[in-house]
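Numbering (full-length UniProt numbering), first residue to last: 1 to 322.
Virtual Cβ for every residue (Gly too), placed ideally from N, Cα, C.
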């Protein structure tokens with residue numbers, strides 16, 4: 001008997017973080033059990049944190065199992081040819097009750113050499129922002145290793161970093177090497193390469209419940225940082241019922257769909273599609289079957305599904321690999 005292919009949802013993998021809060025429940029209806037829940041990993045094959053199907057006939061199967069059994073059907077022919085049986089992206093929602101640490105991610109070359117991992121190019125879509133919420137993205141002006149180390153040692157690092165006030169709907173694209181930190185009061189959808197490699201530069205001398213400070217990776221970061229000023233803010237169109245390009249990079253393409261009615265999609269089977277419901281609710285219709293979704297849902301549409309229709313009133317991030 002052949003396996004039925006349908007839109008897949010996964011159990012959220014919830015992560016306690018020193019900077020986390022409760023908005024993943026109040027804003028996104030995630031089943032958190034802690035008042036310091038910082039992350040909901042929606043779609044992951046990171047070792048130790050592999051997503052498990054939450055709906056339909058395949059419920060209980062891991063994403064890794066499905067890819068091993070049906071690589072072309074799940075990933076798509078082009079993705080399978082490029083990455084093998086690896087799911088190349090990681091999808092998360094984050095709730096920052098406090099500032100995150102100032103950090104940087106290595107590029108593919110460094111990550112491969114040091115950690116046998118992908119690098120970590122990522123993007124943030126701001127879903128909710130408290131008044132005056134801010135982020136750090138890169139340097140205010142072109143800098144260098146010496147100036148950076150001097151300010152790090154003097155605990156004045158934030159004085160040379162670009163600090164930006166943000167609002168809901170803002171998007172930032174962070175190439176590897178960009179020093180960054182999500183500030184307090186933000187709920188963010190994060191799309192990134194499959195990697196959990198983070199170099200923590202500065203953590204504001206915070207201590208956890210046991211009185212311990214978190215590990216820093218100052219030396220590892222020195223060769224990973226891009227010391228030049230970078231432009232990370234992404235402007236994008238918002239044409240109703242269309243796929244409006246936000247980010248188009250070698251690792252992923254992300255479109256913004258302001259759905260108000262119906263939108264039909266036709267794919268070629270070369271890549272999966274992931275939809276993140278940023279606001280509202282919508283349905284996916286496939287061959288007379290209808291699947292319902294709401295804000296905070298993340299859906300993997302396997303590559304084998306080549307024709308489907310979206311209907312409803314929602315804001316959706318549409319992600320795939322070209």
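Pick from the options that is closest to residue i, judged by C-alpha positions
| i | options | result |
| --- | --- | --- |
| residue 323 | 7, 278, 3 | Residue 323 lies beyond the stretch modelled for the chain, which goes from 1 to 322, so this question has no answer here. |
| residue 191 | 206, 121, 23 | 121 |
| residue 309 | 39, 275, 95 | 275 |
| residue 39 | 321, 318, 25 | 25 |
| residue 271 | 233, 73, 110 | 73 |
| residue 166 | 185, 273, 146, 149 | 185 |
| residue 125 | 227, 69, 170 | 170 |
| residue 90 | 322, 63, 229, 111 | 63 |
| residue 140 | 230, 320, 162 | 162 |
| residue 61 | 41, 85, 9 | 9 |
| residue 150 | 201, 19, 214 | 201 |
| residue 12 | 33, 19, 135, 285 | 33 |
| residue 301 | 288, 284, 83, 21 | 284 |
| residue 189 | 164, 28, 102, 21 | 28 |
| residue 306 | 18, 269, 198, 231 | 269 |
| residue 44 | 303, 298, 317, 316 | 298 |
| residue 196 | 267, 317, 321, 112 | 112 |
| residue 187 | 209, 129, 153 | 129 |
| residue 303 | 288, 311, 321 | 321 |
| residue 164 | 132, 88, 207, 282 | 132 |
| residue 235 | 77, 207, 173 | 173 |
| residue 148 | 277, 219, 16, 168 | 219 |
| residue 222 | 82, 176, 19, 17 | 176 |
Exposure label - residue i; buried when at least 16 CB within 10 Å
| i | result |
| --- | --- |
| residue 178 | buried |
| residue 97 | buried |
| residue 194 | buried |
| residue 137 | buried |
| residue 144 | exposed |
| residue 23 | buried |
| residue 75 | buried |
| residue 92 | buried |
| residue 313 | exposed |
| residue 117 | buried |
| residue 14 | buried |
| residue 3 | exposed |
| residue 335 | Outside the displayed span of the chain (1 to 322) sits residue 335, for which this structure offers no information. |
| residue 106 | buried |
| residue 100 | buried |
| residue 181 | buried |
| residue 273 | buried |
| residue 203 | buried |
| residue 210 | exposed |
| residue 109 | exposed |
| residue 237 | exposed |
| residue 183 | buried |
For residue i, three-class secondary structure by DSSP
| i | result |
| --- | --- |
| residue 195 | coil |
| residue 9 | coil |
| residue 26 | helix |
| residue 322 | coil |
| residue 109 | helix |
| residue 258 | strand |
| residue 1 | The predicted position of residue 1 is uncertain, since its pLDDT is 43 and thus under 50; a value taken from the coordinates is nonetheless stated next. Here residue 1 sits in coil by DSSP. |
| residue 303 | coil |
| residue 239 | coil |
| residue 20 | strand |
| residue 38 | strand |
| residue 289 | strand |
| residue 277 | strand |
| residue 294 | strand |
| residue 269 | coil |
| residue 44 | coil |
| residue 311 | strand |
| residue 33 | coil |
| residue 316 | strand |
| residue 252 | coil |
| residue 15 | strand |
Minimum Cβ-Cβ distance from residue i to chain B less than 8 Å
| i | result |
| --- | --- |
| residue 70 | No chain B appears in this structure, which consists of one protein chain only. |
Closer than 7 Å: residue i CB and nearest the ligand HEM heavy atom
| i | result |
| --- | --- |
| residue 190 | As far as ligands go, the structure on display features none, and thus does not contain the ligand HEM. |
Check whether the stretch 155 to 164 touches the stretch 42 to 58, taking contact to mean three or more Cβ pairs, one atom from each stretch, closer than 8 Å. no
Runs of beta strand (DSSP E) wholly within the stretch 169 to 233 (minimum 3 residues, chain order): 171 to 174, 180 to 182, 186 to 193, 199 to 202
Continuous alpha helix (DSSP H) assignments of at least 4 residues falling wholly in the stretch 112 to 180: 145 to 153
Ranges of the alpha helix (DSSP H) found wholly within the stretch 54 to 107, counting only runs of at least 4: 63 to 69, 71 to 75, 77 to 83
Taking 8 Å as the cut-off, does the stretch 231 to 250 touch the stretch 283 to 299 (at least 3 CB pairs, one atom from each stretch)? Verdict: no, contact absent.
Is there contact here, the stretch 232 to 242 with the stretch 256 to 263, by at least three beta-carbon pairs under 8 Å? yes
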